[in-house]
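From first to last, the protein sequence lines are chains A and B.
For the record, in the first sequence the residue sitting at position 333 is 333 according to my numbering, with numbers rising by one throughout.
For the record, in the second sequence the residue sitting at position 10 is 1010 according to my numbering, with numbers rising by one throughout.
So the structure is just underneath, and the comments pick up after that.
2 protein chains.
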Amino acid sequence: MARLVMKFGGTSVANVERIRNVARHVKREVDAGADVAVVVSAMSGKTNELVGWCREAAPLHDAREYDAVVASGEQVTSGLLAIVLQDMGIQARSWQGWQIPILTSDAHGSARILGIEGGEIVKRFAERKEVAVVAGFQGVHKETGRISTLGRGGSDTSAVALAAAIGADRCDIYTDVDGVYTTDPRVVPKARRLDRIAFEEMLEMASLGAKVLQVRSVEVAMVHKVPTFVRSSFDDPENPQPGTLICAEEDIMEAQIVTGIAFTRDEAQITLRRIADKPGVAAAIFVPLADANINVDMIIQVVSDDTTTTDMTFTVPTSDYERAMTILEGARETIGYASVAGATDVVKVSAIGIGMRSHAGVAARAFKALADKGVNIRAITTSEIKFSVLIDAAYTELAVRTLHSLYGLDKA
Amino acid sequence: MARLVMKFGGTSVANVERIRNVARHVKREVDAGADVAVVVSAMSGKTNELVGWCREAAPLHDAREYDAVVASGEQVTSGLLAIVLQDMGIQARSWQGWQIPILTSDAHGSARILGIEGGEIVKRFAERKEVAVVAGFQGVHKETGRISTLGRGGSDTSAVALAAAIGADRCDIYTDVDGVYTTDPRVVPKARRLDRIAFEEMLEMASLGAKVLQVRSVEVAMVHKVPTFVRSSFDDPENPQPGTLICAEEDIMEAQIVTGIAFTRDEAQITLRRIADKPGVAAAIFVPLADANINVDMIIQVVSDDTTTTDMTFTVPTSDYERAMTILEGARETIGYASVAGATDVVKVSAIGIGMRSHAGVAARAFKALADKGVNIRAITTSEIKFSVLIDAAYTELAVRTLHSLYGLDKA
Chain A
1 MARLVMKFGG TSVANVERIR NVARHVKREV DAGADVAVVV SAMSGKTNEL VGWCREAAPL
61 HDAREYDAVV ASGEQVTSGL LAIVLQDMGI QARSWQGWQI PILTSDAHGS ARILGIEGGE
121 IVKRFAERKE VAVVAGFQGV HKETGRISTL GRGGSDTSAV ALAAAIGADR CDIYTDVDGV
181 YTTDPRVVPK ARRLDRIAFE EMLEMASLGA KVLQVRSVEV AMVHKVPTFV RSSFDDPENP
241 QPGTLICAEE DIMEAQIVTG IAFTRDEAQI TLRRIADKPG VAAAIFVPLA DANINVDMII
301 QVVSDDTTTT DMTFTVPTSD YERAMTILEG ARETIGYASV AGATDVVKVS AIGIGMRSHA
361 GVAARAFKAL ADKGVNIRAI TTSEIKFSVL IDAAYTELAV RTLHSLYGLD KA
Chain B
1001 MARLVMKFGG TSVANVERIR NVARHVKREV DAGADVAVVV SAMSGKTNEL VGWCREAAPL
1061 HDAREYDAVV ASGEQVTSGL LAIVLQDMGI QARSWQGWQI PILTSDAHGS ARILGIEGGE
1121 IVKRFAERKE VAVVAGFQGV HKETGRISTL GRGGSDTSAV ALAAAIGADR CDIYTDVDGV
1181 YTTDPRVVPK ARRLDRIAFE EMLEMASLGA KVLQVRSVEV AMVHKVPTFV RSSFDDPENP
1241 QPGTLICAEE DIMEAQIVTG IAFTRDEAQI TLRRIADKPG VAAAIFVPLA DANINVDMII
1301 QVVSDDTTTT DMTFTVPTSD YERAMTILEG ARETIGYASV AGATDVVKVS AIGIGMRSHA
1361 GVAARAFKAL ADKGVNIRAI TTSEIKFSVL IDAAYTELAV RTLHSLYGLD KA
C-alpha cells in the first residue's frame, strides 16, 4: 500500500473551485489505494493580506502574534479541503499544526520543525482510510504551546517533514509549474524539464536562485531521503504528468556533467582597496560582518597595483548590503583600507551538476565561453558540484544562455 | 484592583483602524489600574465569508471542519489587537480557545462551554500586568481536541463565561449601540436607554426579540452573577458613556412595573379546528412536535361553535413552521381534527418587568389599550415577569408604541 504526502500551494487552492480540483487529484491517489496526507497553503493572496494587517497594526510586531494571525490562512484551506473531500465520499479530517502536533523551535516567523507526531495520522490510515488534511506552514512551539510559522514557502518544508515523519513512499509537491527545469524558461526558451535531479543538485539550484522549491524543504528531503516530485496542479487530475523526481544520486542512471543553470540577483559586491597584506586582516574584515549575521559568500583577494597592499572583493546578500557598508566604514581604522566601493547591479550565475565531481575542467570551459561573449567575470566560487560567477547584471541572460548551450542543456 | 472583561463585536474590529480604537478603550482601563481580558469577534463580514466558503465547498458539511474554518476569523483579530496593544506599550498576548483552554461540548457549530481554565491568565495579571486578548466564539472539544464554535453571537457568551471563570468584577460588552433600550428605537423614537436592567428581565428581552445580547450570554451572566454592561465602542475612548448595567434584581433601587417592550416576527401560528374534546388529545398533538424538536410556545384552546369539539391554537418558530404543518397533516388520523390552518404574518409583542410580580392587572390594562386601538389579540401567554400577545404583523408598530406609552416608558 503506497503512502504519500501531496502538497498544494496557494494558487492551487485560491478558491473553492480550485480546492475541488485539488480534491480530484487526492481522489485519484485514494482510488488507486494510497494512504494520503495532504498539506495545503493559504489561498493565494491571503497570507499577504494577513501580513499587511500585521504591518498596519505595528511596523515592529511581536512575531508570536504575527504567527497567530498568518497561520489562520492555512487553517481555512485545510478545513475547506476536508469538507470537499468528504463531499466526494472520501474520509478526511483537517489537522492544525498544534493538533498533530508539529513541534517547532521558538524562532517565531521562521521556526524550525523539531519533530512531528505522525502516529495518529498513520493509525487513521489503517483504521478508516482517512485522508489527513494538514495545514502547512505552521506548527506549535514545543514549550509555550504558541502557534509558530515556518517562514515563507514553509509549506514545502511541512510536506517533506511530514512525509519523513509518517514514512511516506514519496512526497508530491504540486505547484504552478510542471517540474524542475534546466534553467528559468522565461530566460531560456530552450530550457528542458528534468525527469530527475539529485537532492544535492536541487539543494544547490534552490540555494543559487531557482525558486521552484524552498531550500529548507530540499534539505529535509535530502537528510531523510524522501523521494520528492515537483509537478503541476493544473494537469488533468485524471491524467497527470509525473513532473520531476528529486531523488538520491544513486537513483539517477546517467548523471549529466551539468544538470542546471541557476542565477540570482540577490547578491551585492563590496571591494576594499589597498588593505595592508598582513596576517589577521581577513579576520578584521569578516568577524564584524559575521557578528552582525551577514553571510559573506564569494571572496577574492588580489594583489594591488602597488604590490605591498591587497584588494579584497566579496559578496553579501542584497538585503544586507547597506548594513555591511556601514559596519565596514565604522571599522576602517581597525582594518586599515584606502577606500571601499560597492555594487548592487551584479548577478551570480551558477552551473550545478553532480557529474562535476568526476570531470575536470568544467568551470574552465565556462570561463572561456563567457570571455568569448565579452562577459567580464568579477568573482568566482566553486564547490564539488557547482561553480558560480559574479557578473554585471546586464549580461545575465547572455551568460545563462551561453552556459545552457555550452553544457548541452538546450531542448532538441 | 478591578478585574474586568471587555468584549468587542465585529463592527468594532472591522479593520486595523477600528482595532486601534478598541485598544484605546483597553488602554483607558489599564491606565486606571484594571486587570483586563479582552474578548474579540471576527472582523465584520469575515465570518459570513468563511461560512459562504463552507457552503460552497458542500451544502451539507462536517460541523467540525466548519468550526476549524470559521474560528480562524477570531484568531486573526486576537493577534492583531495584541500587536496594537503592544505598540501602545501595553503588555498583551493573544489566546485561542484551545490555548486557554475553553473546553466545550461536542455540539460543533453550537457548542456549550463546559469549563474555562483561567488560571494562567490570572497569573499573568499578577506577574506582569499582561492583557489577555481572547478569541471569542471558539473553544476546543474536551476529548477530541478539535476546534469548536459556540454559534452565532457566541462571543458574548465567551466574554461572560470568561468573566465568571477569572472572577471578574464586571463584563463590558461593547457594541454598536450605547445600551439596552426600553424597546427598539427604530420602531419607537421615544424609546429610552435603561441605566439598569435585571438579569431576569434581560433574559426575557433577549428571548422575546431584543437583539442586543445573545440569550445564552445573559443566562451565563445570571447564573454566575456577572455584572454586565452593554455600551458603545464608538464612544470617545477617553470619555465613554457607561451604557446599561445588567445586574441582580436587588441592585435595582426602584423597579419599574414594566421595563421594556420586545417583539419578534419569528413566530408562526397554527390552528387545529374541531378536535374531539377528550383526554389525551393534547398529547396526540404535541408529542410528535416535541419528538421533532419543535418548540411550541403559546397555546390556547377554545370551545368550538358546535360545543362538542374544541379548537387548538399554538405557535412554533417560523423556521419550523413547514415541518410542523407536515407532521400535523401526517397525524390527522390520530389527532382527529376537521381542518388545520396556519399563519406566518403574525408577531409576538411582549412586555417585561420584574415589577409585575408585585402588581396585579398589568396585562389586563394592555388588553384594553390594544382593544381600544382595534388590535385583535390572537393568543396570550404570561409568566411571572412578562406577558406576550400574538397579533397580526400589520399592527406591530402600533401595538409596541401603545404598550410603550401605556407603561410610562416614553422619553420625557
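Cβ coordinates follow ideal geometry from the N, Cα and C atoms, glycine included.
> Taking buried to mean at least 16 other C-beta atoms within 10 Å of its own C-beta, is B:ARG1401 buried or exposed?
Replying inline: buried
> In chain B, which residues lie with their C-beta within 8 Å of the C-beta of A:ILE19?
Replying inline: ALA1057
> Rounded C-beta distance between A:ALA135 and A:GLN86? I'm assuming under 8 Å.
Replying inline: No, A:ALA135 and A:GLN86 are not in contact; Cβ-Cβ is about 17 Å, not under 8 Å.
>> Judging by CA-CA distance, which residue of B:ASP1291, B:VAL1038, B:VAL1030 and B:LEU1004 is the nearest neighbour of B:ILE1019?
In response: B:VAL1038
> Which of the residues in the stretch 1093–1115 of chain B, read from start to end, lie with their CB under 8 Å from any CB of chain A?
Replying inline: ARG1093, SER1094, GLN1096, TRP1098 and GLN1099
> Under a Cβ-count criterion, where at least 16 other Cβ atoms within 10 Å of its own Cβ denotes burial, should B:ARG1124 be classed as buried or exposed?
Replying inline: buried
> If the cut is a Cβ gap below 8 Å, which residues of chain A does B:GLN1075 touch?
Replying inline: ALA68, VAL69, ALA71, SER72 and GLN75
> Comparing the C-beta of B:HIS1061 with each C-beta of chain A, is any distance below 8 Å?
Replying inline: yes
> Counting pairs of beta carbons, one from the stretch 205–216 of chain A and one from the stretch 1003–1015 of chain B, are three or more of them closer than 8 Å?
Replying inline: no
> Whole-angstrom Cβ separation of A:TYR337 and A:ARG273, contact assumed at under 8 Å?
Replying inline: 6 Å
> Looking at the unbroken beta strand (DSSP E) that takes in B:ILE1147, where does it start and where does it end?
Replying inline: 1147–1149
> What does DSSP give as the partner residues of B:ASP1311 in its beta bridges?
Replying inline: B:VAL1302
> So which residues on chain A does B:GLU1065 lean against when the C-beta distance must stay under 8 Å?
Replying inline: GLY79, LEU80, ALA82, ILE83, GLN86, ARG93 and SER94
> Which bits of chain A does B:LEU1050 rub up against, with CB to CB less than 8 Å?
Replying inline: VAL76
> Does any heavy atom of the ligand SAH sit closer than 7 Å to the C-beta of B:ASP1062?
Replying inline: What this structure holds is no ligand at all, so the ligand SAH is not there to describe.
>> I believe A:VAL220 touches A:THR157 by the beta-carbon criterion, under 8 Å. Please report the beta-carbon distance rounded to the nearest angstrom.
In response: 6 Å
> B:MET1006 bridges to which residues according to DSSP?
Replying inline: B:VAL1038 and B:ASP1172
>> For A:MET43, which residues in the same chain have their Cβ closer than 8 Å to its Cβ, ignoring the five residues on either side in sequence?
In response: GLY10, VAL13, ALA14, ASN15, GLY73, VAL76 and THR77
> What do you reckon, are the CB atoms on A:ASP178 and A:GLN241 nearer than 8 Å?
Replying inline: yes
> Using Cβ-Cβ distances below 7 Å, what residues of the stretch 1132–1146 of chain B are close to chain A?
Replying inline: GLY1145
> Leaving out five residues before and five after A:LEU406 in sequence, what residues of the same chain have Cβ atoms less than 7 Å from its Cβ?
Replying inline: ARG365, ALA366 and ALA369
> Can you list the alpha helix (DSSP H) stretches of 4 or more residues lying completely in the stretch 67–128 of chain A, in chain order?
Replying inline: 72–87 and 119–128
> Going by the beta-carbon positions, is the gap between B:GLY1118 and B:LEU1162 smaller than 8 Å?
Replying inline: yes
> In angstroms, rounded to a whole number, what distance separates the CA positions of A:VAL218 and B:LEU1213?
Replying inline: 53 Å
>> Between the stretch 1317–1330 of chain B and the stretch 1230–1250 of chain B, can you find at least three pairs of beta-carbon atoms closer than 8 Å?
In response: no
> Any chance the stretch 55–71 of chain A sits against the stretch 135–148 of chain A, with 3 or more Cβ pairs inside 8 Å?
Replying inline: yes
> Name the chain A residues whose beta carbon is nearer than 7 Å to that of B:VAL1016?
Replying inline: TRP53, GLU56 and ALA57
> Residues in its own chain within less than 6 Å of A:ARG28 by CB, not counting five upstream and five downstream?
Replying inline: PRO237
>> I'd like the list of long-range same chain contacts for A:LEU80, defined as Cβ closer than 6 Å, with 5 residues on each side in sequence excluded.
In response: ILE19
> Roughly how many angstroms separate the alpha carbons of B:PHE1314 and B:ILE1294, rounded to a whole number?
Replying inline: 12 Å
>> For B:PHE1286, which residues in the same chain have their Cβ closer than 7 Å to its Cβ, ignoring the five residues on either side in sequence?
In response: VAL1296
> Would you call A:ALA360 buried or exposed, if buried means 16 or more other Cβ atoms sit within 10 Å of its Cβ?
Replying inline: exposed
>> If distances are taken between C-alpha atoms only, which option among A:MET222, A:THR334 and A:ALA92 comes closest to A:PHE199?
In response: A:MET222
>> The alpha helix (DSSP H) that contains A:HIS61, what's its start and end?
In response: Neither: A:HIS61 is in no alpha helix (DSSP H) and is coded neither H nor E.
> First and last residue of the alpha helix (DSSP H) that includes B:VAL1230?
Replying inline: Where B:VAL1230 is concerned, there is no enclosing alpha helix (DSSP H), although the beta strand (DSSP E) it sits in stretches over 1228–1232.
> Where does B:HIS1025 sit, in a helix, a strand or coil, going by DSSP?
Replying inline: helix
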